[in-house]
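Protein chains in written order, with this note's numbering: chain A, 1 to 131; chain B, 1001 to 1092.
Below is one structure, written out as structure tokens; the observations come after it.
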Amino acid sequence: MKLEQKFMDEMIAHAKEDAPIECCGIIAGEDGRAVKLFRARNSEASPYRYSVDSDDLFRIYREAEDNEWSFLAIYHSHTASEAYPSPTDIRLAFWPESYYVLVSLEDAENPVVRAFRILDGEVNEEEIEAG
Amino acid sequence: MAVEVKLAANLQKLVGGQKSVSVEGATVGEVLDDLESKHPGIKETIMADGAIHRFVNIYLNDEDIRFLKQLDTQLSEGDVLSVLPALAGGTA
């Protein structure tokens, strides 16, 4: 997937600001190109779980729909583990057309961002082309 | 009465790939029953143990029905229900 550096930076900044709880958000896109990043509240407010706040989800969904954007990517952070979908992440991946992007702060000095497709329990990594 | 049900993400495949369907019912519960009769199998994805599934959100116009009367929420002609799977996960 192609993702401008500013979106990478914004996800990392969000992850750091919300640590130690997991952050989450949505990147809306048009024709596969990211157009807007939406931060969302994590209603779980937990270091181990995330759930996009239901009001935030609807607000973002509607703005995306009004603009004919899709949910290009759904991102969340892992503050103390690697940037790879956990079994729970895989079980709850209900948006097969979106990339699942993980930001890891396991090495605080060197955050890692990786993208995946998750379909029917199968995880495939997609290379992020920053640019 | 007829209401529009908009479905997002993985739910569209359960209604033949449509983004929205028109169904009948005076409450959210009745609408889900009608939806199930037209598209068998969808209810077990949206509901669990007689209630809205924990990882599914249903909005009446722009309000989450969990904060209304859930399945008993009354509907009016032309209302729009949006069904969005949760965006959730976690390491524990």
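For glycine and all other residues, C-beta sits at the position ideal for the given N, C-alpha and C.
Practice item. Over the uninterrupted beta strand (DSSP E) stretch that includes SER1022/B, give me the two end residues. Key: Residue 1022/B sits at position 22 when you count from the first residue of the second sequence. From DSSP, the beta strand (DSSP E) with SER1022/B extends over 1020–1024.
Check your understanding: In terms of residue numbering, what span does the alpha helix (DSSP H) encompassing GLU127/A cover?
Key -> The count along the first sequence starts at 1 and reaches residue 127/A at position 127. Segment: none, GLU127/A is in no alpha helix (DSSP H) and carries neither H nor E.
Exercise for review: Below 8 Å on the Cβ atoms is my guess for ILE12/A versus PRO111/A; work out the distance and round it to an integer in Å.
Suggested key: Taking the first sequence and counting its residues from 1, one reaches residue 12/A at position 12. Taking the first sequence and counting its residues from 1, one reaches residue 111/A at position 111. Indeed they touch by this definition, with Cβ atoms about 5 Å apart.
Review point. Roughly how many angstroms separate the alpha carbons of LYS2/A and GLU126/A, rounded to a whole number?
Key: Walking along the first sequence from the start, residue 2/A turns up at place 2. Walking along the first sequence from the start, residue 126/A turns up at place 126. One C-alpha to the other measures close to 10 Å.
**Study point:** GLY118/A, enclosing beta strand (DSSP E) - first and last residue
**Key:** If you number the first sequence from 1, residue 118/A lands on position 118. First, the residue type needs correcting, since residue 118/A is Ile and not Gly in the sequence shown. That run of the beta strand (DSSP E) goes 112–119.
Exercise for review: Check the Cβ of GLU74/A against every Cβ in chain B and list those closer than 7 Å, keeping chain order.
Suggested key: As a position in the first sequence, residue 74/A is number 74, starting the count at 1. Reading off the sequence shown, one finds Ile at residue 74/A, where the question assumed Glu. Within 7 Å Cβ-Cβ: LEU1087.
Exercise for review: Determine whether the Cβ of ARG62/A lies closer than 9 Å to any Cβ atom of chain B.
Suggested key: Working through the first sequence from its first residue, we reach residue 62/A at position 62. It does: the Cβ of ARG62/A has a partner Cβ on chain B nearer than 9 Å.
Review point. Leaving out the 5 sequence neighbours to the left and right, which residues in its chain are closer than 6 Å to LYS1006/B when beta-carbon positions are compared?
Key: Translated into positions along the second sequence, residue 1006/B becomes position 6. Around LYS1006/B: SER1020, SER1082.
Exercise for review: Can you check the stretch 63–101 of chain A for any beta strand (DSSP E) of at least 3 residues that lies completely inside it and give the ranges in chain order?
Suggested key: 70–78
Check your understanding: Rounded to a whole number of angstroms, what is the C-alpha to C-alpha distance between GLU1024/B and LEU105/A?
Key -> The sequence position of residue 1024/B within the second sequence is 24, counting from 1. The sequence position of residue 105/A within the first sequence is 105, counting from 1. Their backbone Cα atoms lie some 49 Å apart in a straight line.
Point to revise | Closest by C-alpha distance to GLU82/A, when choosing among ARG114/A, ALA28/A, LYS16/A | key: Here residue 82/A refers to the residue found at position 82 when the first sequence is read from its first residue. Checking every option, the nearest Cα to that of GLU82/A belongs to ARG114/A.
Review point. Taking the alpha carbon of ALA4/A as the point to measure from, which residue in SER43/A, ALA34/A, ARG41/A, SER54/A has its own alpha carbon closest?
Key: Taking the first sequence and counting its residues from 1, the one referred to as residue 4/A is at position 4. Sequence inspection shows Glu at residue 4/A; the Ala mentioned does not correspond to that position. Taking only the C-alpha atoms, the option nearest GLU4/A is ALA34/A.
Check your understanding: Looking at the structure shown, is ASP1034/B part of a helix, part of a strand, or coil, going by DSSP?
Key -> Here residue 1034/B is taken as the residue at index 34 of the second sequence, counted from 1. If DSSP states are grouped into helix, strand and coil, ASP1034/B belongs with the helices.
Practice item. Sort out for me which residues DSSP pairs MET1001/B with in a bridge. Key: Your numbering for residue 1001/B matches position 1 in the second sequence. BP columns for MET1001/B are empty, so no partner.
Exercise for review: Verify the contact flag: ILE128/A, CB atom, against every heavy atom of the ligand FAD, threshold strictly below 8 Å.
Suggested key: By its list of ligands, the structure shown contains no ligand whatsoever, and the ligand FAD lies outside what it can speak to.
**Study point:** Selected residue, minimal CA-CA separation from GLU97/A, among THR79/A, GLY121/A, PHE71/A
**Key:** For the purposes of this step, residue 97/A is identified with residue 97 of the first sequence, where counting begins at 1. Considering only alpha carbons, the answer is PHE71/A.
Review point. Do you know how far the Cα of ALA108/A is from the Cα of THR1027/B?
Key: Taking the first residue of the second sequence as position 1, residue 1027/B is located at position 27. Taking the first residue of the first sequence as position 1, residue 108/A is located at position 108. Spanning the two alpha carbons is a distance of roughly 50 Å.
Exercise for review: Give the secondary structure of ASP1064/B by DSSP, where H, G and I count as helix, E and B as strand, and everything else as coil.
Suggested key: Indexing the second sequence from 1 puts residue 1064/B at position 64. Strand.
Check your understanding: Under a CB-based cut-off of 9 Å, is ALA1009/B close to chain A?
Key -> As a first step, residue 1009/B is located in the second sequence; it is residue number 9 there, counting from the start. Chain A contact via Cβ: present.
Review point. What span of residues does the alpha helix (DSSP H) with PHE38/A cover, start to end?
Key: Taking the first residue of the first sequence as 1, we reach residue 38/A at position 38. Element bounds for PHE38/A: not the alpha helix (DSSP H) but the beta strand (DSSP E), 33–40.
Check your understanding: Are the C-beta of THR1073/B and some C-beta of chain A separated by less than 9 Å?
Key -> The count along the second sequence starts at 1 and reaches residue 1073/B at position 73. It does not; no Cβ of chain A falls within 9 Å.
Review point. Assuming ARG41/A contacts ASP53/A under a Cβ cut-off of 8 Å, what Cβ separation, rounded to an integer in Å, is found between them?
Key: For the purposes of this step, residue 41/A is taken as the residue at position 41 of the first sequence. For the purposes of this step, residue 53/A is taken as the residue at position 53 of the first sequence. With 8 Å as the limit, ARG41/A and ASP53/A qualify as a contact, their Cβ atoms being about 4 Å apart.
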